[in-house]
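Numbered per the numbering used here, the sequence shown spans residues 19 to 54.
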Amino acid sequence: MVIDTAPKEIEKMRKETLDEVKEFAKENGVDFWYCS
């Protein structure tokens with residue numbers, strides 16, 4: 019679970035990185051939760 023509390027948009031996880039992490043979790047059979 020990732021809770022992104024960055025106050026500025028530029029500090030938040032980038033879409034490309036988020037997509038990579040989601041794919042990694044899927045490949046490894048791990049649930050992935052992202053809250054922003």
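We put the CB at the ideal spot given by N, CA and C, even for glycine.
Taking the C-beta atoms as reference points, Phe50 is found nearer than 9 Å to Val20. Boundaries of the alpha helix (DSSP H) around Ala43: Lys33 to Glu45.
Beta-bridge partners of Ile21 (DSSP): Cys53. Beyond the five residues adjoining it in sequence on each side, Gly47 comes within less than 6 Å, by CB distance, of no other residue in the same chain.
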